[in-house]
Structures are given as structure tokens and as C-alpha cells.
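Trainee:
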Amino acid sequence: MTTSRHGGGVRPATVASVFPAAHRRLPTVALGLVLALVLVACGGQDLGKANFQRTTVPAEPGSGSQGEVPTGPITDPAVAAEALRLVDPCPLVGPDVLSELGTPGEPRVSGWDRCANTAQDAGGKKVSVSLQLGDLLGLEKPTGNVEGLPLAENSLEEGNCFVSALTSRDPDLGITAQVKYEGGDPCRAGRTVLQKVITMLRAEPATVEQPEGSVVGLDPCTGLDDAATGDVLTGEVDKRATSLHDCTWNSRGTDLTLGYRLGHLPSVQDAAEEVDLGGGVTGYQKVTSPDSAQCAISWVHRPIDETLGELVALEYRNRDADAKTDDACGKAKVLATKVAAGLP
1 MTTSRHGGGV RPATVASVFP AAHRRLPTVA LGLVLALVLV ACGGQDLGKA
51 NFQRTTVPAE PGSGSQGEVP TGPITDPAVA AEALRLVDPC PLVGPDVLSE
101 LGTPGEPRVS GWDRCANTAQ DAGGKKVSVS LQLGDLLGLE KPTGNVEGLP
151 LAENSLEEGN CFVSALTSRD PDLGITAQVK YEGGDPCRAG RTVLQKVITM
201 LRAEPATVEQ PEGSVVGLDP CTGLDDAATG DVLTGEVDKR ATSLHDCTWN
251 SRGTDLTLGY RLGHLPSVQD AAEEVDLGGG VTGYQKVTSP DSAQCAISWV
301 HRPIDETLGE LVALEYRNRD ADAKTDDACG KAKVLATKVA AGLP
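Following the UniProt record's numbering, the numbering of the sequence shown begins with 1 at its first residue and continues without gaps.
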């Protein structure tokens with residue numbers, strides 16, 4: 001595989017938060033309140049071969065969403081989460097892809113799993129493309145297929161379309177191209193992009209660097225074992241990935257979220273309390289809701305330079321209790337200490 005740049009070394013144009021913002025199309029699971037901690041920690045700066053069984057034949061190249069929806073399991077290793085975590089997203093919206101839409105610009109990286117670019121079509125109209133790997137698709141239902149993968153589209157407004165190729169089921173994660181193309185057909189442009197992207201993923205996609213000790217390739221759902229989560233969650237626990245680098249555990253109104261991200265280094269100057277997580281690791285703790293038992297802790301796992309590093313964040317939320325009846329920060333600290341101790 002071709003190795004590219006920013007496993008830890010390139011400063012992203014935007015690193016929004018340790019937990020991604022709530023997905024943009026519909027009210028799916030909200031990771032929202034922890035943004036208060038990490039966005040403040042970022043100084044207020046917004047960092048913006050299919051192998052599965054099919055009941056139909058795959059779409060022909062260039063056919064976009066034509067064809068029926070594949071219903072079999074998705075087992076293509078090229079789009080599995082463990083493969084996508086290491087893919088550099090920017091070549092996927094580089095000249096080789098966007099030249100299909102017009103004259104391409106320069107890609108702008110936005111973390112490990114997101115990159116954006118623009119192109120100018122033959123008539124001078126601007127096409128803006130933002131590509132997200134491991135996107136949580138929520139309620140969108142596939143209506144066709146692209147290169148043998150289920151395809152879903154959502155056009156919220158004229159000139160703007162989200163086009164997604166489903167890459168896993170339960171959780172429903174996919175590769176999404178958000179396209180803004182005023183005066184053009186953004187959904188068709190999105191299908192064109194996804195077709196090229198999937199073809200590249202099945203060849204030799206460029207990958208991010210993996211410096212020693214990096215969390216970029218780790219599955220966040222393995223960051224806490226059942227014994228650890230069982231100490232704070234009662235009853236049946238639903239564990240699922242919400243992106244390539246985020247995982248949630250939900251049980252009876254109480255949930256945990258663990259995420260890895262590229263971001264600005266947090267500090268006590270960001271209105272967060274400094275806490276000792278053991279092993280020389282300093283965490284930055286903040287109550288994320290004044291009305292219920294919610295607390296988030298973030299820490300620097302691997303510094304990259306004076307301002308940027310690989311961050312880890314954990315949030316505990318109990319919406320059925322208030323701060324007087326549930327020690328949210330105490331529980332978050334216990335769990336964060338266990339996570340930090342288990343990282344490379």
C-alpha cells in the first residue's frame with residue numbers, strides 16, 4: 001500500500017473535536033455535550049472486490065444509483081473499518097477523482113477520516129466535495145448501489161446532496177460524499193465521486209502514517225472491556241461504533257463515549273480541571289451539563305508538536321440523575337484511567 005502523510009504529522013485544516021459533531025442530516029445519536037470540553041480545549045477554533053452475497057448484479061461504471069439494493073452481508077475487506085482507519089482520505093478527493101467533475105483544487109485535510117476539495121466545472125460553476133470515511137448513516141435507507149455497495153442519498157436543499165455507500169451493517173457506517181453544486185446535479189456528482197473512491201479503495205489507497213504508540217489504527221470499542229463498563233452501567237449494554245474512531249456504550253439512560261482524534265492540546269486554561277490518570281498522564285476534566293450527571297475527560301495520548309496531538313476523550317452521561325446523586329466525574333475518571341493504562 002502507498003503510504004501518505006498525516007498519521008500524526010500534518011496539521012489538519014479543521015479538527016472539530018475529539019467526538020465528531022452530531023451527524024448532519026438527522027437527529028441520530030448526539031455526542032453533543034462533550035463538544036463543550038474539546039472545542040474549548042481547541043481554543044474555540046473549528047478544526048471543517050466486493051465479496052458479499054448479492055441478490056442483484058452491481059451497477060455498471062458510471063451508472064450511479066441504478067440497479068437494485070444489495071441485501072447480502074458486506075464483507076469487502078477494502079471497506080472494512082480496520083482498513084478505512086488507515087486510509088488517507090485526501091487522495092480520495094484529489095485530482096484523480098475530482099477531475100471527473102472539472103478542474104480540481106487542493107484537498108484540505110480535516111482529521112484522520114475527513115477531507116474536502118473543490119472543482120470548477122466546464123461552465124465555471126463551483127463543485128464542493130467533503131468526504132467522510134466511517135460516517136454514521138442513521139435513518140437513511142439505501143435506494144440503489146454503487147460499485148456493488150448499497151447506496152443512500154439525501155438532498156436536504158437545492159444544490160446540496162449527501163451520497164453514501166454503506167460499508168457495514170449494525171452499525172450502519174458508510175463513506176459519504178457531501179456535495180454542494182449550485183446550478184448542477186450534486187447527487188449525480190456525489191455518485192461519480194463515490195464510484196471513483198470505492199475503485200481506489202479496492203486498489204492500493206494511500207495510507208496515513210502510524211508512528212509508534214499512535215491510536216490512529218485502534219478500534220475504540222476495544223478501549224474498555226465488559227468488566228470496566230459493567231462497573232458503571234447496569235442492565236443490558238448496547239456497544240457500537242459511531243465512527244471509525246468513536247464508540248458508545250448505552251444502558252438505561254446512561255451511556256459512555258470514547259473517542260480518538262487529532263486536535264489541539266487541552267490545558268487547565270480551557271476551564272477544565274486537571275486530574276491525574278496515573279502513569280504520568282494528565283487529564284482535563286469538565287462537567288458537560290449543569291443539570292444532569294455528565295462529565296468528560298480528555299487527555300493527550302501522543303503530542304505531535306507544541307499545539308497539536310493525538311487526543312483521547314471519554315464522557316460519562318446519566319440523564320436520569322443529577323450531579324448530587326451520581327458522581328459523574330468520579331466514574332469518568334475511573335474509566336479514563338483504565339483506558340489510558342491500556343493504550344500503547
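Heads up, the beta-carbon is just placed ideally off N, CA and C, and yes, glycines get one too. These figures come from a predicted structure and were not determined experimentally.
1) So, for P27: in the same chain, excluding its five sequence neighbours on each side, which residues have a beta-carbon less than 6 Å away from its beta-carbon?
2) Going by alpha carbons, who is nearest to A296 out of R188, K324, P73 and K333?
3) Give me the Cβ distance between K180 and N160, rounded to the nearest whole Å; I'm assuming they're in contact under 8 Å.
4) Near P344, which residues of its chain fall below 7 Å by C-beta distance, leaving aside the five closest residues on each side in sequence?
5) CA-CA distance, A328 and E315?
6) Expressed to the nearest angstrom, what Euclidean distance is found between the alpha-carbon atoms of A119 and L131?
7) If you drop the 5 nearest sequence neighbours on each side, which residues of the same chain put their C-beta closer than 6 Å to that of A36?
8) With DSSP run on the structure shown, which of helix, strand or coil describes Q178?
9) Quick one: what's got a C-beta closer than 7 Å to D255's C-beta in the same chain, skipping five residues either side?
10) So, helix, strand or coil for I297, using DSSP?
11) Since residue 361 and V275 should fall inside the 8 Å C-beta cutoff, what is the C-beta to C-beta distance between them, to a whole number of angstroms?
12) Tell me the DSSP secondary structure of K333 in three-state form.
13) My parser needs the alpha helix (DSSP H) runs of 4 or more residues fully inside the region 74-132; what are they?
14) Would P220 and L258 be called neighbours here (beta carbons separated by less than 8 Å)?
15) Go ahead and pull the three-state DSSP assignment for V312.
16) With a threshold of 16 other CB atoms inside 10 Å of the CB of D291, please say whether the residue is buried or exposed.
17) Can you tell me where the alpha helix (DSSP H) with P186 in it begins and where it stops?
18) Determine the burial state of L139: buried for a count of at least 16 other Cβ atoms within 10 Å of its Cβ, exposed for fewer.
19) Within this structure, are the beta carbons of R191 and V127 separated by less than 8 Å?
20) If you scan the region 217-269 from start to end, which runs of the beta strand (DSSP E) of 3 or more residues do you find wholly inside it?
21) Which residues in the same chain have their Cβ closer than 6 Å to the Cβ of C115, if we skip the five residues on either side of it in sequence?
22) By a C-beta neighbour count over all protein chains shown, 10 Å radius and 16 as the cutoff for buried, is E306 buried or exposed?
23) Based on Cα-Cα distance, which residue from D320, D270 and S298 lies nearest to E310?
Mentor: In short, the structure shows the following:
1) Taking the sequence shown and counting its residues from 1, one reaches residue 27 at position 27. Bear in mind that a pLDDT of 34 at P27, under 50, signals an unreliable position, so the number given afterwards is only what the model happens to contain. So no residue of the chain qualifies.
2) One-based indexing of the sequence shown puts residue 296 at position 296. Among R188, K324, P73 and K333, the Cα nearest to that of A296 belongs to K333.
3) Here residue 180 corresponds to residue number 180 of the sequence shown, with the count starting at 1. Here residue 160 corresponds to residue number 160 of the sequence shown, with the count starting at 1. 5 Å between Cβ atoms; contact.
4) For the purposes of this step, residue 344 is taken as residue 344 along the sequence shown, with counting starting at 1. Answer for P344: G213, listed in chain order.
5) Within the sequence shown, residue 328 is the residue found at index 328, counting from 1. Within the sequence shown, residue 315 is the residue found at index 315, counting from 1. Whole-angstrom Cα-Cα distance: 9 Å.
6) Walking along the sequence shown from the start, residue 119 turns up at place 119. Walking along the sequence shown from the start, residue 131 turns up at place 131. Near 14 Å, if we compare the C-alpha coordinates of L131 and A119.
7) Here residue 36 is taken as the residue at index 36 of the sequence shown, counted from 1. Reliability of the predicted coordinates at A36 is poor, the pLDDT of 35 falling under 50, and the value obtained from them is presented with this limitation in mind. Here the set comprises T288.
8) Within the sequence shown, numbered from 1, the residue matching residue 178 stands at position 178. If DSSP states are grouped into helix, strand and coil, Q178 belongs with the strands.
9) Your numbering for residue 255 matches position 255 in the sequence shown. Contacts found: T248, W249 and R317.
10) Within the sequence shown, numbered from 1, the residue matching residue 297 stands at position 297. Reduced to three states, the DSSP call for I297 is strand.
11) With the chain covering only 1 through 344, there is no way to say anything about residue 361.
12) To locate residue 333, count along the sequence shown from 1; it is residue 333. Note: K333 maps to helix in three-state DSSP.
13) 81-84 and 95-98
14) Your numbering for residue 220 matches position 220 in the sequence shown. Your numbering for residue 258 matches position 258 in the sequence shown. Yes, they are a contact pair.
15) Stepping through the sequence shown from its first residue, residue 312 is reached at position 312. Three-state result, V312: strand.
16) Stepping through the sequence shown from its first residue, residue 291 is reached at position 291. D291 comes out exposed.
17) Taking the first residue of the sequence shown as position 1, residue 186 is located at position 186. It spans P186 to L201 - the alpha helix (DSSP H) in which P186 sits, taken as one unbroken run.
18) Taking the first residue of the sequence shown as position 1, residue 139 is located at position 139. L139 is exposed by the Cβ-count criterion.
19) Here residue 191 is taken as the residue at index 191 of the sequence shown, counted from 1. Here residue 127 is taken as the residue at index 127 of the sequence shown, counted from 1. Taking 8 Å as the Cβ cut-off, R191 and V127 do not qualify as a contacting pair.
20) 238-243, 246-251 and 254-264
21) Here residue 115 refers to the residue found at position 115 of the sequence shown. Excluding positions up to five away in sequence, the list reads P89, C90, V93, P107, V109 and L131.
22) Position 306 of the sequence shown, counting from 1, holds the residue named residue 306. Classification for E306: exposed.
23) Along the sequence shown, one-based indexing puts residue 310 at 310. Of the candidates D320, D270 and S298, the one whose C-alpha sits nearest the C-alpha of E310 is S298.
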